[in-house]
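The first sequence begins at 0 in numbering that gives the first Met the number 0 and counts up one residue at a time.
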Amino acid sequence: MGKLLIICGATASGKTALAVNCAQKLDTEIISADSQLIYKGLDIGTAKPTISERGGIIHHMIDIIEPWEGFSVFDYAERATAIVDKLLSEGKTPIICGGTGFYINSLLFDLAYGNAGADKSIREKYNRLLEENGKKYIYGLLKQVDEETAEKLHVNDTKRVIRALEIYEASGIKKSAQHDRLIPKYEYIAVAINYPREELYRRIDRRVGEMFERGLVDEVENLLKRGINENCQCMQAIGYKEVVNCLKNGDNESTMRDIIKLNTRHYAKRQITFFKKLPNIHWLEPECATAERIMELFDGNR
RNA sequence: GGCGUCAUAGCCAAGUGGUAAGGCAAGGGUCUGCAAAACCCUGACUCCCCGGUUCAAAUCCGGGUGGCGCCU
Numbered sequence: 000m001g002k003l004l005i006i007c008g009a010t011a012s013g014k015t016a017l018a019v020n021c022a023q024k025l026d027t028e029i030i031s032a033d034s035q036l037i038y039k040g041l042d043i044g045t046a047k048p049t050i051s052e053r054g055g056i057i058h059h060m061i062d063i064i065e066p067w068e069g070f071s072v073f074d075y076a077e078r079a080t081a082i083v084d085k086l087l088s089e090g091k092t093p094i095i096c097g098g099t100g101f102y103i104n105s106l107l108f109d110l111a112y113g114n115a116g117a118d119k120s121i122r123e124k125y126n127r128l129l130e131e132n133g134k135k136y137i138y139g140l141l142k143q144v145d146e147e148t149a150e151k152l153h154v155n156d157t158k159r160v161i162r163a164l165e166i167y168e169a170s171g172i173k174k175s176a177q178h179d180r181l182i183p184k185y186e187y188i189a190v191a192i193n194y195p196r197e198e199l200y201r202r203i204d205r206r207v208g209e210m211f212e213r214g215l216v217d218e219v220e221n222l223l224k225r226g227i228n229e230n231c232q233c234m235q236a237i238g239y240k241e242v243v244n245c246l247k248n249g250d251n252e253s254t255m256r257d258i259i260k261l262n263t264r265h266y267a268k269r270q271i272t273f274f275k276k277l278p279n280i281h282w283l284e285p286e287c288a289t290a291e292r293i294m295e296l297f298d299g300n301r
């Protein structure tokens, strides 16, 4: 059975170029694992790889939905798994490249997600209850139906509290009653580039600066002009929500830049925390992060 | 030179006699259908220095140092 190559890690750490190099060596295709690259029209702020940066390699899971559409891990897992399987059946090595750890997990592991889909009306109902009665109230509701899950969650973590409530209401089964075993569906080897924190932050700063030079503000204004609501999921992405906000406040560009840099650094930190827990991940020092080195690791693992 | 004012964690900052709020930054972490989202945890053996008053001082008094403002 074939094996997957995962290239993950923090934003601005050089995943794309590395993945393209590997894909060229392996004569294969890349499957993006990025929750924002899926949107058409969000290019600059998401640092979507340009055609030339893609180096002639086919990239899947990029530009697959419209900005006003919603998307979730479940959708990702469904679509991306199909592509993985297709590539494997062709004898190719799927390369997964991206910084959304949750999406990568959804590909690697057979998660059940509580065996209950998102239910808009249930969510609305609990969101209303949250607004009317507060966090403690809905947390209390969860405690009544699924004490075990409630214990694991913090009262303030309303998103997950509501999701747990949703699972119970939609399926009649407690979230805590469903235990997924995290057994990888595929053999894989994961690599991430391990920049020293300060250097990673410098790279982020530089990249954010470049986004403004390329016209991030115009991109956001165009999306708004096209009628994309600022509350859309895609507009919550770093770079977009800040520009929208600053535009409203009349802040200058340097303020926008600083906020985006800061939020991106926070994001990178969270990504690193997430990937630390991914089994079988190799943290490569920047100077060792080459396609050649990865091929060695990959073959040695075969 | 004189007068006034301020001096608390990397930054902003509350506290004005009873044993150091809070915010930001930074670091650590959680993550099972919104994940570039959402959420959690961590920090001053000490309040510029020295001396004094007091059972007790970041808080009061004296001196010093430094910043700021005004005056000559």
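Cβ coordinates follow ideal geometry from the N, Cα and C atoms, glycine included.
Measure the C-alpha to C-alpha separation of residue i and residue j and round it to an integer number of angstroms.
i, j, result
"A115", "V154", "22 angstroms"
"K14", "P285", "11 angstroms"
"E65", "K224", "15 angstroms"
"K247", "T254", "13 angstroms"
"Y38", "I50", "16 angstroms"
"T263", "D179", "32 angstroms"
"V19", "I258", "31 angstroms"
"C245", "W67", "21 angstroms"
"L128", "G139", "12 angstroms"
"R53", "H59", "11 angstroms"
"T148", "T80", "29 angstroms"
"S12", "I203", "8 angstroms"
"A117", "C287", "42 angstroms"
"I166", "K173", "7 angstroms"
"G133", "T157", "10 angstroms"
"E209", "I161", "39 angstroms"
"K240", "F297", "39 angstroms"
"E252", "E212", "11 angstroms"
"L110", "K119", "21 angstroms"
"V83", "G1", "10 angstroms"
"V72", "E295", "31 angstroms"
"A176", "K276", "24 angstroms"
"K85", "G299", "24 angstroms"
"T99", "I61", "13 angstroms"
"L164", "L141", "6 angstroms"
"A290", "Y194", "17 angstroms"
How far does the alpha helix (DSSP H) with residue i in it extend, from its first residue to its last?
i, result
"E123", "K119 to N132"
"H265", "E252 to K275"
"A81", "V72 to S88"
"Y200", "R196 to E212"
"S170", "T157 to S170"
"I293", "A290 to G299"
"C96", "Where C96 is concerned, there is no enclosing alpha helix (DSSP H), although the beta strand (DSSP E) it sits in stretches over I94 to C96."
"V154", "No alpha helix (DSSP H) holds V154; DSSP gives it neither H nor E."
"Y112", "Segment: none, Y112 is in no alpha helix (DSSP H) and carries neither H nor E."
"C231", "Unbroken run through C231: none, as it is neither H nor E."
"C245", "Y239 to N248"
"K224", "L215 to K224"
Closest to residue i by CA distance: which of the options is it?
i, options, result
"R196", "G226, D118, I271 and S253", "I271"
"P278", "C233, P183 and L199", "P183"
"T10", "G226, G139, T45 and Y38", "T45"
"L181", "G214, I121, V144 and Y112", "Y112"
"I137", "K276, Y125, I61 and A22", "Y125"
"V219", "I203, V207, F101 and V242", "V242"
"W282", "K173, N251, T289 and I192", "I192"
"F70", "Y266, Q235, F273 and S175", "Q235"
"I56", "A16, D84, S88 and D109", "A16"
"R292", "K24, G1 and S12", "K24"
"E168", "M210, E150, D298 and D145", "D145"
"C233", "G1, A22 and D42", "D42"
"H265", "R159, I237, G1 and L141", "I237"
"R201", "E295, G299 and A267", "A267"
"F273", "S175, Q35, F101 and Q177", "F101"
"K260", "E198, V216 and R205", "R205"
"I63", "L87, E89, L164 and D33", "D33"
"K47", "C231, V207, T289 and N228", "V207"
"R256", "R269, G214, A290 and K276", "G214"
"G306", "L86, D217 and Q143", "Absent from the model: residue 306. The displayed extent of the chain is 0 to 301, so no value can be given."
"K91", "I227, E198 and C21", "C21"
Considering just the uninterrupted stretch of the beta strand (DSSP E) at residue i, what are its terminal residues?
i, result
"E186", "E186 to I192"
"C7", "K2 to C7"
"L283", "I280 to L283"
"S105", "Not the beta strand (DSSP E): S105 falls in the alpha helix (DSSP H), residues G100 to L107."
>> Below 8 angstroms, how does it come out for the region 181 to 189 and the region 0 to 7: are there three or more Cβ pairs, yes or no?
In response: yes
> Just checking, does the region 20 to 33 make contact with the region 93 to 100 on the three C-beta pairs under 8 angstroms criterion?
Replying inline: yes
>> Three Cβ pairs or more, each shorter than 8 angstroms: is that satisfied between the region 104 to 111 and the region 70 to 77?
In response: yes
> Taking only runs of the alpha helix (DSSP H) that begin and end inside the region 9 to 39, which ones reach a length of at least 4 residues, in chain order?
Replying inline: Considered as a whole, the region 9 to 39 harbours 14 to 25 as its complete alpha helix (DSSP H) runs of no fewer than 4 residues, in chain order.
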